[in-house]
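Student:
Here's what the structure looks like:
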């Protein structure tokens, strides 16, 4: 990442692990949970329609697709890289699904096409970052234009519509009562990535790389391979999100999922993952996704326009990071 | 031989080849008048890319420039609607842009929040503010005064004022970056922040200054953009921040900070500008533009990474790894 400048030089030892900030961050998930519950209570008082199970179920669509990608993105950011091309991967994957449909492919092939496109895009990013040692932020700004650009070449100002009804299951189906298919996929991915990050050797290597690449290398971790796998995972989850989103909207335009990358990064950062790499947890990301979803849904019920919500998300993003730091600064004096 | 190997020379050659290629089929494209048009058309990109360049030099990134541009442009249009003369509007939007940049800078400097997070947040806040100001309404050409619209298009010596402003800012930046202490501080902070501290440079203050400069340029460009296209609404210059970063990357500004030149940055912007202007001329669908500029970015970074690995250039291996 490009943000490694010492910021408190001269006032404290530049070791992040010893700062009061990190102690405040230890209870990050707890703090976030309190915020989520508070928003939930405020919302249920603000609007009589909030507590209806069907509208709550509907509200999960606000974040499920983005949160699916956020899990993989969390691992990527912990390892010190970032992927800004996820929205473009969705656009390209959705376009290839549309192409496959027009070529007469059946349901399983459509799903495989989406996943394969996501994997291929992730592999391309991973190859450039891991194999050729290029900075991920610019690589993915480039591939962001490239992937979405291919969608524009294929579709122009047109659109793919008329997807088979079988595909609708992913974005519009219910597994049990009000539990949507997307919510189940979200929960499954949360468990898979939670176990992967917190309970496996692979997860430990991700933290090790994010904290100290050189030390990780000296302790025998194949840094390039891990980073490549993380880009693959981000591509794959983007492919899954593409299937869900295409299924839910029932159409593909080249501008599909525009701006997703920023919302995904917002969820990850809100979830307590350090943008500088090396720390954070999956439960944090899960709660952050719910916070985002609840805020958006609650404001929507109050007829707040989408763009005003984005202001609130922006303030939330800066606020949750700034407040602990301001607090630490006032305590030092 | 060194001059042949420099990025700027190679990029210059690439631009020359590109122009020659277009000229072989469409000679009218390289007529001075058309080239002046291309330059003027690329002016907003050049102005923002120069601002972004100083930010990137200090190891930061500013994703809020396009939103800053849109907000300042809207304010300029609103001020014009209130009957305020242009001589007051111009300094006002530049000051506003600088203040918005200052907000980014202070958050980075005083609170130590990574610039990508800060500007990701302020990007949505700035754009949302336009909506709050106007309720999503557009300000169209007929609602703007003639003087307001005419200024950037007024032609002096064959080049519109907008092009002249870009040329002046380029010259100013060349002096700022190579001949002033602040300019050298940008390179020092990005090249090695620890060493910069020991030489008495405040890293945070320098980064903040970079954000203020980028913001001021975004404010100026906001007026130019709105006046030239004679329309202001919430989404003007949407996604432009990525074009700006792309121009810097193609121009050889290292994303890790500390290296890059004004000439490279300007050529990076011109490269994108020429492609954008040439596509309709050579009969390629404009839908190809996004994929082409994406490929150009990827080729440019791959190329720059190879260039920086020239033997004997890395003196501090550790610092290289950290970035």
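Residue numbers (my numbering), protein chains in the order written: chain A, 1 to 333; chain B, 1001 to 1323.
Don't be surprised by glycine CBs; every beta carbon is placed ideally from N, CA and C.
My assumption, with CB atoms under 8 angstroms, is that residue 315 of chain A sits in contact with residue 1125 of chain B. Please give the rounded CB distance.
Tutor: Contact holds; Cβ gap of about 6 angstroms.
Student: Check the DSSP bridge columns for residue 251 of chain A and list the partner residues they point to.
Tutor: In DSSP, residue 251 of chain A forms a bridge with A:161.
Student: Taking the continuous beta strand (DSSP E) assigned at residue 176 of chain A, which residues delimit it?
Tutor: Its beta strand (DSSP E) spans residues 174 to 176.
Student: According to DSSP, what are the bridge partners of residue 1160 of chain B?
Tutor: Looking at the DSSP assignment, residue 1160 of chain B forms a beta bridge with B:1155.
Student: Would you mind working out which of B:1227, B:1298, B:1015, B:1305 sits nearest residue 1076 of chain B, comparing C-alpha positions?
Tutor: Checking every option, the nearest Cα to that of residue 1076 of chain B belongs to B:1227.
Student: In the DSSP output, which residue or residues are listed as bridge partners for residue 180 of chain A?
Tutor: Answer is A:174, bridged to residue 180 of chain A.
Student: Given 6 angstroms as the limit, tell me if residue 1291 of chain B has its C-beta closer than that to any heavy atom belonging to the ligand COA.
Tutor: Ligands are entirely absent from the displayed structure, and the ligand COA is therefore not among its contents.
Student: Looking only at its chain, what residues have a beta carbon closer than 8 angstroms to the beta carbon of residue 173 of chain A, apart from the 5 residues adjacent to it on each side?
Tutor: Cβ neighbours of residue 173 of chain A beyond the five flanking positions: 180, 181.
Student: Which word fits residue 189 of chain A, buried or exposed, when buried means at least 16 other C-beta atoms lie within 10 angstroms of its C-beta?
Tutor: The residue in question, residue 189 of chain A, is buried, as its Cβ has 16 or more Cβ neighbours within 10 Å.
Student: How would you label residue 157 of chain A, buried or exposed, when you count the other beta carbons within 10 angstroms and need 16 or more for buried?
Tutor: When all chains shown are included, residue 157 of chain A counts as exposed.
Student: Where does residue 275 of chain A sit, in a helix, a strand or coil, going by DSSP?
Tutor: Reduced to three states, the DSSP call for residue 275 of chain A is coil.
Student: Check whether the Cβ of residue 1298 of chain B lies closer than 7 angstroms to any Cβ atom in chain A.
Tutor: Yes - at least one Cβ of chain A is within 7 angstroms of the one on residue 1298 of chain B.
Student: From residue 1214 of chain B to residue 93 of chain A, what distance separates their C-alpha atoms?
Tutor: Cα to Cα, the separation comes out at about 36 angstroms.
Student: Against residue 1255 of chain B, what residues of chain A qualify as contacts under a CB-to-CB distance less than 7 angstroms, listed in chain order?
Tutor: Neighbours of residue 1255 of chain B on chain A, chain order: 2, 135, 137, 138.
Student: For residue 1152 of chain B, which residues of its own chain have a beta-carbon under 6 angstroms away from its beta-carbon, when the five flanking residues on both sides are left out?
Tutor: For residue 1152 of chain B, where only same-chain residues beyond five positions count, the Cβ hits under 6 angstroms are 1161, 1162, 1224, 1227, 1228.
Student: Classify residue 1312 of chain B as helix, strand or coil using the three-state DSSP reduction.
Tutor: Bear in mind that a pLDDT of 46 at residue 1312 of chain B, under 50, signals an unreliable position, so the model cannot answer this.
Student: Taking the CB atoms as reference points, tell me whether residue 113 of chain A and residue 123 of chain A lie closer together than 7 angstroms.
Tutor: Against a cut-off of 7 angstroms, the Cβ pair of residue 123 of chain A and residue 113 of chain A comes out as no contact.
Student: Can the beta-carbon of residue 1118 of chain B be found less than 7 angstroms from the beta-carbon of residue 1107 of chain B?
Tutor: Cβ atoms of residue 1118 of chain B and residue 1107 of chain B: closer than 7 angstroms.
Student: Closer than 7 angstroms, Cβ to Cβ, to anything on chain B: give me those residues from the segment 191 to 207 of chain A, in chain order.
Tutor: Here the close residues number zero.
Student: What does the alpha-carbon distance come out to for the pair residue 1045 of chain B and residue 1130 of chain B?
Tutor: Near 21 angstroms, if we compare the C-alpha coordinates of residue 1130 of chain B and residue 1045 of chain B.
Student: Which value, in whole angstroms, describes the spacing of the CA atoms of residue 1137 of chain B and residue 1150 of chain B?
Tutor: Their Cα atoms are separated by approximately 23 angstroms.
Student: Among the residues of its own chain, which have a CB less than 6 angstroms from the CB of residue 253 of chain A, if the five just before and after it don't count?
Tutor: Within the same chain, residue 253 of chain A has close Cβ partners 159.
Student: List, in order along the chain, the chain A residues whose C-beta lies closer than 7 angstroms to that of residue 1293 of chain B?
Tutor: Simply 145.
Student: For residue 191 of chain A, which of helix, strand or coil comes out of DSSP?
Tutor: It is helical.
Student: Classify residue 1232 of chain B as helix, strand or coil using the three-state DSSP reduction.
Tutor: If DSSP states are grouped into helix, strand and coil, residue 1232 of chain B belongs with the strands.
Student: Determine whether the beta carbon atoms of residue 43 of chain A and residue 293 of chain A lie at a separation below 7 angstroms.
Tutor: No.
Student: May I ask which residues mark the beginning and end of the alpha helix (DSSP H) holding residue 1126 of chain B?
Tutor: Note, residue 1126 of chain B: alpha helix (DSSP H), 1115 to 1134.
Student: Using the C-alpha atoms, what's the distance from residue 121 of chain A back to residue 1159 of chain B?
Tutor: C-alpha separation (whole angstroms): 44 angstroms.
Student: Any contact between the segment 1202 to 1210 of chain B and the segment 1181 to 1192 of chain B? By contact I mean 3 or more CB pairs, one from each, below 8 angstroms.
Tutor: The segment 1202 to 1210 of chain B, when compared against the segment 1181 to 1192 of chain B, does touch it at the 8 angstroms Cβ threshold.
Student: Please decide whether residue 310 of chain A counts as near chain B, where near means a Cβ-Cβ distance under 7 angstroms.
Tutor: Judged by the 7 angstroms Cβ criterion, residue 310 of chain A is in contact with chain B.
Student: Can you tell me where the alpha helix (DSSP H) holding residue 1052 of chain B begins and where it ends?
Tutor: Run containing residue 1052 of chain B: 1032 to 1057, per the alpha helix (DSSP H) assignment.
Student: Taking just the CA atoms, how far does residue 1236 of chain B sit from residue 1102 of chain B?
Tutor: Cα to Cα, residue 1102 of chain B sits roughly 22 angstroms from residue 1236 of chain B.
Student: Can you give me, in chain order, the residues of the segment 1075 to 1094 of chain B that have a beta carbon less than 7 angstroms from any beta carbon in chain A?
Tutor: Answer set for the segment 1075 to 1094 of chain B: empty.
Student: Drop a sphere of 10 angstroms on the beta-carbon of residue 207 of chain A, count the other beta-carbons inside from all chains shown, and report buried for 16 or more, exposed for fewer.
Tutor: By the 10 Å Cβ count, residue 207 of chain A comes out buried.
Student: Within 10 angstroms of the Cβ of residue 169 of chain A, are there 16 or more other Cβ atoms? Answer buried if so, exposed if not.
Tutor: It counts as exposed.
Student: Counting only beta-carbon atoms, is residue 314 of chain A nearer than 7 angstroms to chain B?
Tutor: Chain B, which has a Cβ nearer than 7 angstroms to the Cβ of residue 314 of chain A, makes this yes.
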